[in-house]
Amino acid sequence: MARCEAELAQFTQERDDCVKRCRELLAAEDPAAGVFHAAEIFRLQQNKLRLEVEMEFRRKKINRIRLGYDEVGVDSAGGLVF
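For what it's worth, our numbering labels the leading residue of the sequence shown as 215, then goes sequentially.
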């Protein structure tokens with residue numbers, strides 16, 4: 215569980231860095247001068263979404279561990295444990 219929590223913290227920091235960099239690039243754009251950063255902003259937004267999905271997976275795994283589902287080795291289907 216500690217490893218999942220560490221990964222969650224790392225993903226959170228990476229997401230925050232993506233958001234910060236995206237805001238910096240948006241502020242640095244100057245359409246009048248022809249300065250655009252659309253490709254990098256798009257890449258950062260995609261990475262942010264990927265990190266949020268990874269964070270959600272880690273949160274769910276931590277919850278499963280707390281509830282004892284991962285210790286039993288029970289498979290799940292679509293989020294439902296049988």
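Glycine included, C-beta positions come from ideal geometry on N, C-alpha and C. Small disclaimer: the values here were computed from a predicted structure and weren't measured.
Residue(s) in a DSSP beta bridge with residue i
| i | result |
| --- | --- |
| Val-249 | Asp-244 |
Within 7 Å, strictly: CB atoms of residue i and residue j
| i | j | result |
| --- | --- | --- |
| Phe-225 | Leu-258 | no |
| Cys-218 | Arg-272 | yes |
| Arg-237 | Lys-262 | no |
When the options are compared against residue i, the one with the closest alpha-carbon
| i | options | result |
| --- | --- | --- |
| Asp-231 | Ile-255, Asp-244, Arg-217 and Ala-247 | Ile-255 |
| Leu-239 | Ala-247, Met-269, His-251 and Ile-276 | His-251 |
Where residue i falls: helix, strand or coil (DSSP)
| i | result |
| --- | --- |
| Met-269 | helix |
Exposure of residue i, with buried meaning 16 or more beta-carbon neighbours within 10 Å
| i | result |
| --- | --- |
| Leu-281 | exposed |
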